[in-house]
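Residue numbers for the sequence shown, in our numbering: 119 to 411.
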Amino acid sequence: MVRTESWGNRLFDIGNYIFLIMLMVVTVYPLMYVAFASVSDASQLMAHKGMLWRPLGFSFEAYKNVFRNPMISSGYLNTLFILVFGLGVNILLTSFGAYALSRRTLAYRKQIMLFFVFTMFFSGGLIPFYFAVMNLGLRNSLWALIIPVAVNTFNLIIMRTAFEGIPVSLEESAKMDGANDFVILFRIILPLSLPVVAVILLYYGVSHWNAWFNASIFLQDRDQYPLQLIMREILLQGEASAMAEGAAMEDVAMLSATLKYATIMVATVPILLVYPFLQKYFVKGAMIGAIKG
Numbered sequence: 119m120v121r122t123e124s125w126g127n128r129l130f131d132i133g134n135y136i137f138l139i140m141l142m143v144v145t146v147y148p149l150m151y152v153a154f155a156s157v158s159d160a161s162q163l164m165a166h167k168g169m170l171w172r173p174l175g176f177s178f179e180a181y182k183n184v185f186r187n188p189m190i191s192s193g194y195l196n197t198l199f200i201l202v203f204g205l206g207v208n209i210l211l212t213s214f215g216a217y218a219l220s221r222r223t224l225a226y227r228k229q230i231m232l233f234f235v236f237t238m239f240f241s242g243g244l245i246p247f248y249f250a251v252m253n254l255g256l257r258n259s260l261w262a263l264i265i266p267v268a269v270n271t272f273n274l275i276i277m278r279t280a281f282e283g284i285p286v287s288l289e290e291s292a293k294m295d296g297a298n299d300f301v302i303l304f305r306i307i308l309p310l311s312l313p314v315v316a317v318i319l320l321y322y323g324v325s326h327w328n329a330w331f332n333a334s335i336f337l338q339d340r341d342q343y344p345l346q347l348i349m350r351e352i353l354l355q356g357e358a359s360a361m362a363e364g365a366a367m368e369d370v371a372m373l374s375a376t377l378k379y380a381t382i383m384v385a386t387v388p389i390l391l392v393y394p395f396l397q398k399y400f401v402k403g404a405m406i407g408a409i410k411g
């Protein structure tokens with residue numbers, strides 16, 4: 119027996135498709151515009167008005183100027199340092215906290231959890247935060263962008279919830295075989311929670327990659343600036359013209375336009391390339407950590 123859908127269901131599906139197509143266009147078009155503009159001829163791009171659906175001419179001159187700038191390469195190295203060591207600190211401390219809080223035998227477990235949750239809604243403010251980092255001796259150090267954000271409470275709750283879903287009998291069996299808490303965490307709990315670990319790595323990784331505010335407060339040495347802070351200077355403080363070295367004065371303004379777009383692409387594409395590798399874990403990991411509250 120063939121079942122036919124009602125007109126109401128069909129209209130609902132059509133409405134959903136139209137909404138998703140519009141959402142996709144609104145999401146993808148800005149990135150397409152930046153990509154096309156970054157490889158367009160500078161003079162044609164400056165003369166163009168309206169929407170952009172293809173590159174206007176074709177030139178990699180903007181990318182050559184971007185990669186010629188030593189601040190871009192130093193920004194990349196600093197961002198990679200923050201990303202590698204930051205993710206190591208993040209996943210280690212978040213795992214320790216989540217494992218401890220997921221054990222029902224932990225004394226004052228609920229009170230400790232309330233203490234963590236309290237920090238999600240209330241903070242000491244920017245000035246106490248600044249002095250705390252200063253007193254720790256982290257000012258003008260890349261560790262100022264890692265240590266203060268070592269544990270995110272939201273990510274801690276997701277990981278703790280996922281750990282709670284693993285049968286206690288596994289832990290008990292491991293303890294009977296002589297395993298301690300470190301062995302249980304690293305050889306049983308974490309391997310069984312890989313989707314959640316992948317999601318947490320993505321959350322922390324995107325956060326580190328896009329972070330610029332703390333860097334603008336704590337870093338004085340420009341050689342330590344991460345990529346996003348350099349990109350902010352180029353986009354908002356008009357430093358793109360300084361990158362157009364060797365160009366005639368009348369060409370500097372035109373080159374500056376394409377340089378901004380090329381800089382955005384250089385700073386955005388690496389993190390976009392990482393996402394497809396973690397996407398297969400994303401839905402499963404987020405659901406595991408979210409369902410049981």
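Backbone N, C-alpha and C define an ideal beta-carbon position, used for all residues, glycine too.
Residue i in three-state terms, based on DSSP
i, result
"Gly-243", "coil"
"Asp-339", "coil"
"Thr-223", "coil"
"Lys-167", "coil"
"Glu-123", "coil"
"Ser-161", "helix"
"Phe-178", "coil"
"Gly-193", "helix"
"Ala-250", "helix"
"Met-186", "The amino acid at residue 186 is misidentified as Met; the sequence shows Arg. Three-state DSSP puts Arg-186 in a helix."
"Gly-255", "coil"
"Val-269", "coil"
"Asn-134", "helix"
"Asp-299", "helix"
"Pro-148", "helix"
"Ala-216", "helix"
"Trp-330", "coil"
"Arg-128", "helix"
"Arg-305", "helix"
"Pro-344", "coil"
"Arg-172", "coil"
"Ile-382", "helix"
"Pro-285", "coil"
"Ile-264", "coil"
Buried versus exposed, by CB contacts within 10 Å (16 or more), residue i
i, result
"Glu-123", "exposed"
"Ile-264", "buried"
"Met-238", "exposed"
"Asn-273", "buried"
"Gly-411", "Since pLDDT at Gly-411 reaches only 46, below the 50 mark, its modelled position is unreliable, and no value is offered."
"Val-387", "exposed"
"Ser-291", "exposed"
"Arg-128", "exposed"
"Val-315", "buried"
"Tyr-147", "exposed"
"Leu-345", "buried"
"Thr-197", "buried"
"Ala-385", "buried"
"Tyr-343", "buried"
"Met-294", "exposed"
Close Cβ partners of residue i (< 7 Å) along its chain, the five nearest in sequence each way excluded
i, result
"Ser-191", "none"
"Pro-173", "Phe-154, Val-157 and Ser-158"
"Met-383", "Val-152, Ala-153 and Ser-156"
"Ser-334", "Leu-347"
"Phe-214", "none"
"Pro-246", "none"
"Gln-338", "Asn-258"
"Val-324", "Ile-389"
"Gln-162", "Leu-174 and Gly-175"
"Ile-230", "Leu-219"
Own chain partners of residue i with C-beta closer than 8 Å, once the 5 adjacent residues on each side are dropped
i, result
"Phe-137", "none"
"Leu-256", "Ala-262, Ile-265, Pro-266 and Phe-336"
"Thr-271", "Phe-234, Val-235, Thr-237 and Met-238"
Supposed contact pair residue j and residue i - C-beta distance, whole angstroms, cut 8 Å
i, j, result
"Tyr-322", "Asn-208", "4 Å"
"Trp-330", "Leu-201", "About 14 Å; that fails the 8 Å criterion."
"Val-144", "Thr-212", "Incorrect: roughly 33 Å between the Cβ atoms, too far for contact."
"Phe-176", "Leu-260", "Not confirmed; about 38 Å, so no contact."
Contacting residues, own chain, Cβ-Cβ under 6 Å from residue i (five flanking each side not counted)
i, result
"Glu-289", "Ile-302"
"Leu-320", "Leu-396"
"Asp-341", "Ser-192"
"Phe-254", "A quick correction: the sequence has Leu, not Phe, at residue 254. So no residue of the chain qualifies."
"Arg-305", "none"
"Ser-241", "none"
is_contact[residue i, chain D] using C-beta, thresh 9 Å
i, result
"Ala-153", "Chain labels in this structure do not include chain D; a single protein chain is all it has."
Give a yes or no on contact between the stretch 166-180 and the stretch 287-304, applying the rule of three or more CB pairs nearer than 8 Å. no
Does the stretch 148-157 come close enough to the stretch 375-386 to have 3 or more Cβ pairs within less than 8 Å? yes
Does the stretch 279-286 come into contact with the stretch 216-224, if we say contact requires no fewer than three beta-carbon pairs (one atom in each stretch) closer than 8 Å? yes
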